[in-house]
Amino acid sequence: KAGVTQTPRYLIKTRGQQVTLSCSPISGHRSVSWYQQTPGQGLQFLFEYFSETQRNKGNFPGRFSGRQFSNSRSEMNVSTLELGDSALYLCASSLASGRQTNTGELFFGEGSRLTVL
Amino acid sequence: AQKVTQAQTEISVVEKEDVTLDCVYETRDTTYYLFWYKQPPSGELVFLIRRNSFDEQNEISGRYSWNFQKSTSSFNFTITASQVVDSAVYFCALSEIYRDDKIIFGKGTRLHILP
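Protein chains in written order, with my numbering: chain A, 48 to 164; chain B, 2 to 116.
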């Protein structure tokens, strides 16, 4: 079956702009998580959505937001981009349901690499 | 406080050597899950193993083995007879399911297998 699909794969923006990244989870997966990966900080949790509701959130400023649609597809948005937002943004889906989301395997996409100039 | 520590930033070994990747975690919970993921150059992380806090049995899967020791809060990963295809970044991760229910990753260990 198709894996997690993230678009776009690469993009370049300038400071102050905004960006929207898209993630299509594996069919049947209702949980979608987003991570930011940078060389200095490693993988940092942004947020997680389950059945269109944000269920968990990491320690990122309000410029980072997301949403999930009824078909489980998810988008994340970063407004007023800063140079430090340059990173690989990874989306992961899982089959987990109910309260215990993260006891299961996460399936990752290949990421969207954002460069902010 | 950092909850998952992978002290080895980068390791290089010659093909066919054994290599162990260290992972030390920190948690106040008695119920938690530990994971290892592999990130090849293509970027997507690939799940390798999950272990819950009540199961300290070591696990072997082919050339891969994992040593979970609660007494030292460690969950180390050994690759036996390494191959060039094992070159990747490896992440250890922790999920405190009754605390905040999100997976926290270590900073990863970049493994180079030299031919």
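C-beta atoms are modelled at their ideal positions from N, C-alpha and C, and glycine is treated no differently.
Since we're looking at a predicted model, the values are computed, not measured.
Below 7 Å between beta carbons is the criterion; list the residues of the stretch 78-102 of chain A that meet it against any residue of chain B, in chain order.
For the stretch 78-102 of chain A, which is checked against every Cβ of chain B, the residues closer than 7 Å are G89, L90, F92 and E95.
Proximity to S54(B) [Cα-Cα], best of D30(B), L46(B) and G63(B)
Checked all of D30(B), L46(B) and G63(B); the closest Cα to S54(B) is D30(B).
Outcome for V125(A) when other beta-carbon atoms lying within 10 angstroms are tallied against a minimum of 16
Around the Cβ of V125(A), a 10 Å sphere holds 16 or more other Cβ atoms; the residue is buried.
I need the DSSP call for S121(A), collapsed to helix, strand or coil.
Assignment of S121(A) by DSSP, reduced to helix, strand and coil, places it in the strand class.
Integer Cβ distance of R160(A) from R56(A), believed to fall under 8 Å
At roughly 7 Å, the Cβ-Cβ gap stays under 8 Å, so R160(A) and R56(A) are in contact.
S80(A) to S13(B) span [Cα, whole Å]:
Taking the straight line joining both Cα atoms gives about 32 Å.
Element boundaries [beta strand (DSSP E), containing C24(B)]:
First-last for C24(B): undefined, no H or E at that position.
Show which residues of chain B have a CB atom less than 8 Å away from the CB atom of G75(A).
Per Cβ cutoff of 8 Å: no residues; G75(A) is ~17 Å from chain B at best.
Compute the distance between the beta-carbons of L137(A) and Q84(A), then report whether it is under 7 Å.
Cβ atoms of L137(A) and Q84(A): closer than 7 Å.
Let me see if you follow: with CB-CB separation under 7 Å, is F111(A) close to chain B or not?
Between F111(A) and chain B, the shortest Cβ-Cβ separation is not below 7 Å.
Report the residues of the stretch 50-79 of chain B with a CB closer than 7 Å to any CB of chain A, ordered along the chain.
Those residues of the stretch 50-79 of chain B that come within reach of chain A (Cβ to Cβ, closer than 7 Å) are R51.
Please report whether the beta-carbon of F107(A) lies at a distance below 7 Å from any beta-carbon of chain B.
No, no contact with chain B.
7 Å is my cut-off, CB to CB: does G158(A) come that close to chain B?
Taking Cβ atoms only, chain B reaches closer than 7 Å to G158(A), which makes this a yes.
Pull the bridge partners of Y33(B) from the DSSP assignment, please.
In DSSP, Y33(B) forms no bridge with anything.
Buried or exposed: P72(A), going by 16 or more other Cβ atoms within 10 Å of its Cβ?
Buried.
Could you tell me whether the stretch 30-42 of chain B touches the stretch 98-105 of chain A, using the rule of 3 or more Cβ pairs below 8 Å?
Verdict: no, contact absent.
Would G109(A) be called buried (16 or more neighbouring beta carbons within 10 Å of its own) or exposed?
Exposed, by the Cβ-count rule.
Quick one: which chain A residues come within Cβ less than 7 Å of K108(B)?
The answer, in chain order, is G89.
Using 8 Å for Cβ pairs, my map puts N77(B) next to L22(B). What's the rounded Cβ distance?
Going by Cβ atoms, the distance from N77(B) to L22(B) rounds to 7 Å, so yes, they are a contact pair.
Would you kindly report the start and end of the unbroken beta strand (DSSP E) that includes F89(A)?
Looking at the sequence itself, residue 89(A) is Gly, so the reference to Phe does not match. From DSSP, the beta strand (DSSP E) with G89(A) extends over G89 to F97.
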